[in-house]
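Going by the numbering used here, the letters in the sequence shown line up with residues 32 to 222, in that order.
Notes for the one structure printed next.
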Amino acid sequence: MKEQSEVPYYRIYKCFLAVILLTFFSLSAAKGDETLFKTMLEPGSSAPVNKLKDAMSKSEFIFPEKGKWNIVFYWSLFCHSCLSEIPAIQRHLPEDSDFNVYYVSLDSSRMEKGLENFGKKRRLTRPILMEELHEERYLTADQWGVSATPAVFITNPEGKIAFSHAGPMDIDKFFADFEVMKNLGSEREQQ
(Lines of atoms letter the chains of each structure in order from A; the text may use other names.)
(Lines give C-alpha, C1' and ligand atoms only; values in the text may rest on other atoms or scores of the structure.)
Protein backbone atom coordinates (compact mmCIF):
# COMPACT_ATOMS: atom_id res chain seq x y z
CA MET A 32 0.00 0.00 0.00
CA LYS A 33 1.28 3.44 -0.91
CA GLU A 34 2.02 5.84 1.92
CA GLN A 35 0.43 9.28 1.75
CA SER A 36 3.74 11.02 2.45
CA GLU A 37 5.13 9.95 -0.95
CA VAL A 38 4.83 12.68 -3.56
CA PRO A 39 4.98 11.56 -7.20
CA TYR A 40 7.86 13.09 -9.11
CA TYR A 41 5.58 14.53 -11.77
CA ARG A 42 3.89 16.71 -9.13
CA ILE A 43 7.25 18.03 -7.99
CA TYR A 44 8.19 18.68 -11.60
CA LYS A 45 4.91 20.50 -12.32
CA CYS A 46 5.31 22.68 -9.20
CA PHE A 47 8.92 23.46 -10.10
CA LEU A 48 7.94 24.37 -13.66
CA ALA A 49 5.09 26.58 -12.41
CA VAL A 50 7.43 28.46 -10.05
CA ILE A 51 9.98 29.01 -12.85
CA LEU A 52 7.34 30.28 -15.28
CA LEU A 53 5.72 32.58 -12.72
CA THR A 54 9.13 33.99 -11.79
CA PHE A 55 9.99 34.55 -15.46
CA PHE A 56 6.70 36.31 -16.23
CA SER A 57 6.90 38.39 -13.05
CA LEU A 58 10.45 39.53 -13.77
CA SER A 59 9.62 40.28 -17.40
CA ALA A 60 6.56 42.29 -16.43
CA ALA A 61 8.53 44.16 -13.79
CA LYS A 62 11.16 45.09 -16.39
CA GLY A 63 8.42 46.25 -18.75
CA ASP A 64 9.52 43.67 -21.31
CA GLU A 65 7.06 44.19 -24.14
CA THR A 66 8.75 41.55 -26.34
CA LEU A 67 7.13 38.78 -24.31
CA PHE A 68 3.78 39.55 -25.87
CA LYS A 69 4.78 40.36 -29.44
CA THR A 70 2.21 40.36 -32.18
CA MET A 71 3.13 38.54 -35.37
CA LEU A 72 3.00 40.57 -38.52
CA GLU A 73 -0.33 39.97 -40.19
CA PRO A 74 -1.37 39.78 -43.83
CA GLY A 75 -1.31 43.21 -45.43
CA SER A 76 1.58 44.47 -43.26
CA SER A 77 4.81 45.53 -44.91
CA ALA A 78 7.51 42.92 -44.46
CA PRO A 79 10.74 44.16 -42.87
CA VAL A 80 13.82 43.74 -45.05
CA ASN A 81 16.68 42.07 -43.20
CA LYS A 82 20.22 40.81 -43.78
CA LEU A 83 21.62 37.67 -42.13
CA LYS A 84 24.46 35.20 -42.74
CA ASP A 85 23.89 31.68 -44.11
CA ALA A 86 25.33 28.94 -41.85
CA MET A 87 26.32 26.81 -44.84
CA SER A 88 27.68 29.16 -47.52
CA LYS A 89 28.73 31.92 -45.08
CA SER A 90 27.19 34.42 -47.56
CA GLU A 91 24.91 37.21 -46.44
CA PHE A 92 21.33 37.25 -47.69
CA ILE A 93 18.92 40.14 -47.84
CA PHE A 94 15.40 38.86 -47.33
CA PRO A 95 12.62 38.86 -48.31
CA GLU A 96 13.40 39.67 -51.93
CA LYS A 97 10.98 42.14 -53.49
CA GLY A 98 9.57 41.16 -56.84
CA LYS A 99 9.28 37.48 -55.81
CA TRP A 100 7.19 35.36 -53.51
CA ASN A 101 9.11 34.44 -50.34
CA ILE A 102 8.63 31.91 -47.56
CA VAL A 103 10.35 32.96 -44.32
CA PHE A 104 10.42 30.09 -41.80
CA TYR A 105 11.60 30.88 -38.24
CA TRP A 106 12.76 27.79 -36.36
CA SER A 107 15.27 26.40 -33.88
CA LEU A 108 17.19 23.17 -33.38
CA PHE A 109 15.25 22.60 -30.15
CA CYS A 110 11.83 22.75 -31.85
CA HIS A 111 10.69 19.19 -32.60
CA SER A 112 7.98 20.13 -35.09
CA CYS A 113 10.47 22.41 -36.90
CA LEU A 114 12.88 19.51 -37.35
CA SER A 115 10.23 17.49 -39.16
CA GLU A 116 8.69 20.42 -41.06
CA ILE A 117 11.92 21.63 -42.68
CA PRO A 118 12.59 18.35 -44.57
CA ALA A 119 8.88 18.26 -45.53
CA ILE A 120 9.18 21.80 -46.92
CA GLN A 121 12.34 20.78 -48.79
CA ARG A 122 10.48 17.90 -50.47
CA HIS A 123 7.91 20.37 -51.85
CA LEU A 124 10.50 22.64 -53.45
CA PRO A 125 11.05 22.31 -57.18
CA GLU A 126 14.62 22.68 -58.45
CA ASP A 127 13.92 25.96 -60.23
CA SER A 128 11.14 27.52 -58.20
CA ASP A 129 9.79 30.99 -58.80
CA PHE A 130 9.96 31.81 -55.09
CA ASN A 131 12.55 32.01 -52.30
CA VAL A 132 12.65 30.06 -49.05
CA TYR A 133 14.64 31.30 -46.06
CA TYR A 134 15.06 29.16 -42.94
CA VAL A 135 15.84 31.67 -40.18
CA SER A 136 17.27 29.91 -37.13
CA LEU A 137 16.86 31.54 -33.74
CA ASP A 138 19.88 29.51 -32.61
CA SER A 139 22.19 32.25 -33.96
CA SER A 140 25.92 31.93 -34.54
CA ARG A 141 26.51 30.15 -31.22
CA MET A 142 25.11 27.03 -32.93
CA GLU A 143 26.68 27.63 -36.36
CA LYS A 144 28.32 24.20 -36.63
CA GLY A 145 25.13 22.42 -35.54
CA LEU A 146 23.11 24.38 -38.10
CA GLU A 147 25.63 23.59 -40.82
CA ASN A 148 25.51 19.86 -39.94
CA PHE A 149 21.70 19.91 -39.87
CA GLY A 150 21.59 21.43 -43.36
CA LYS A 151 24.17 19.04 -44.82
CA LYS A 152 22.59 15.93 -43.30
CA ARG A 153 19.20 16.87 -44.77
CA ARG A 154 20.65 18.16 -48.06
CA LEU A 155 18.92 21.52 -47.69
CA THR A 156 19.21 23.65 -50.80
CA ARG A 157 17.93 26.89 -49.28
CA PRO A 158 19.82 29.18 -46.90
CA ILE A 159 19.81 28.57 -43.15
CA LEU A 160 20.12 32.12 -41.90
CA MET A 161 21.51 32.68 -38.42
CA GLU A 162 19.61 35.16 -36.29
CA GLU A 163 21.69 37.81 -34.53
CA LEU A 164 21.29 39.03 -30.98
CA HIS A 165 21.68 42.72 -30.20
CA GLU A 166 21.34 43.85 -26.59
CA GLU A 167 19.40 40.68 -25.69
CA ARG A 168 16.94 41.15 -28.57
CA TYR A 169 16.69 39.32 -31.86
CA LEU A 170 17.64 41.44 -34.85
CA THR A 171 14.95 40.11 -37.21
CA ALA A 172 12.52 37.93 -35.20
CA ASP A 173 11.44 40.89 -33.07
CA GLN A 174 10.67 42.91 -36.20
CA TRP A 175 8.50 40.09 -37.55
CA GLY A 176 6.80 39.56 -34.17
CA VAL A 177 8.11 36.02 -33.69
CA SER A 178 7.81 34.84 -30.10
CA ALA A 179 7.89 31.05 -30.63
CA THR A 180 8.93 28.52 -33.25
CA PRO A 181 7.90 27.48 -35.76
CA ALA A 182 6.64 30.72 -37.27
CA VAL A 183 6.16 31.06 -41.01
CA PHE A 184 5.46 34.01 -43.25
CA ILE A 185 4.74 34.34 -46.95
CA THR A 186 5.52 37.66 -48.58
CA ASN A 187 4.18 38.66 -51.97
CA PRO A 188 6.21 40.34 -54.75
CA GLU A 189 5.14 43.78 -53.46
CA GLY A 190 6.85 43.10 -50.12
CA LYS A 191 3.64 42.64 -48.11
CA ILE A 192 2.83 39.80 -45.74
CA ALA A 193 0.38 37.49 -47.54
CA PHE A 194 0.27 34.82 -44.79
CA SER A 195 1.54 34.35 -41.24
CA HIS A 196 1.24 31.38 -38.90
CA ALA A 197 2.72 30.36 -35.55
CA GLY A 198 2.97 26.74 -34.47
CA PRO A 199 3.10 23.38 -36.24
CA MET A 200 1.28 23.07 -39.55
CA ASP A 201 0.25 20.62 -42.25
CA ILE A 202 2.93 21.17 -44.91
CA ASP A 203 0.88 19.65 -47.75
CA LYS A 204 -2.02 22.01 -47.03
CA PHE A 205 0.39 24.93 -46.63
CA PHE A 206 1.85 24.41 -50.12
CA ALA A 207 -1.60 23.88 -51.66
CA ASP A 208 -2.72 27.21 -50.13
CA PHE A 209 0.53 28.84 -51.26
CA GLU A 210 -0.11 27.80 -54.87
CA VAL A 211 -3.60 29.32 -54.68
CA MET A 212 -2.11 32.57 -53.31
CA LYS A 213 0.48 32.74 -56.08
CA ASN A 214 -2.14 32.05 -58.77
CA LEU A 215 -4.46 34.73 -57.40
CA GLY A 216 -1.53 37.15 -57.32
CA SER A 217 -0.66 36.34 -60.95
CA GLU A 218 -4.27 36.87 -62.03
CA ARG A 219 -4.33 40.30 -60.37
CA GLU A 220 -1.09 41.31 -62.11
CA GLN A 221 -2.56 40.41 -65.51
CA GLN A 222 -5.67 42.55 -64.97
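Think of the CB as a built atom: it goes at the ideal place given N, C-alpha and C, for glycine as much as any other residue.
Quick caveat: nothing in here was measured; it's all calculated off a predicted structure.
- For residue 91, the enclosing beta strand (DSSP E) begins and ends at 91-94.
- Counting C-beta pairs closer than 8 angstroms gives three or more between the stretch 160-169 and the stretch 71-89, which meets the contact rule.
- For residue 195, the uninterrupted beta strand (DSSP E) segment begins and ends at 192-197.
- For residue 101, there is no enclosing alpha helix (DSSP H); the enclosing beta strand (DSSP E) has its first and last residue at 100-106.
- Residue burial is scored here from C-beta neighbours: residue 211 has fewer than 16 other C-beta atoms within 10 angstroms and is therefore classed as exposed.
- Look at residue 211 here: in three-state DSSP terms it is helix.
- Nearest neighbour of residue 136 by Cα position, chosen from 149, 128, 97, 124, turns out to be 149.
- For residue 97, there is no enclosing alpha helix (DSSP H), as DSSP marks it with neither H nor E.
- In this chain, residue 182 is not harboured by any alpha helix (DSSP H); it is covered by the beta strand (DSSP E) spanning 182-186.
- In the structure shown, residue 200 adopts coil according to DSSP, grouped into three states.
- Only residues of its own chain outside the window of five on either side were considered, and among them 104, 196 have a CB closer than 6 angstroms to the CB of residue 183, listed in chain order.
- Rounded to whole angstroms, the gap between the alpha carbons of residue 156 and residue 121 is 8 angstroms.
- Excluding five sequence positions before and after residue 180, the CB atoms of its chain that fall closer than 7 angstroms to its own CB belong to 105, 106, 107, 110, 113, 137, given in chain order.
- In this model, residue 139 and residue 145 are separated by some 10 angstroms (Cα to Cα).
- Taking 3 residues as the minimum length, the beta strand (DSSP E) runs contained wholly in the stretch 108-194 are 130-136, 159-161, 182-186, in order along the chain.
- Per DSSP, the unbroken beta strand (DSSP E) holding residue 83 starts and ends at 81-85.
- Sorting 72, 76, 71, 70 by C-alpha distance to the C-alpha of residue 191 places 76 at the top.
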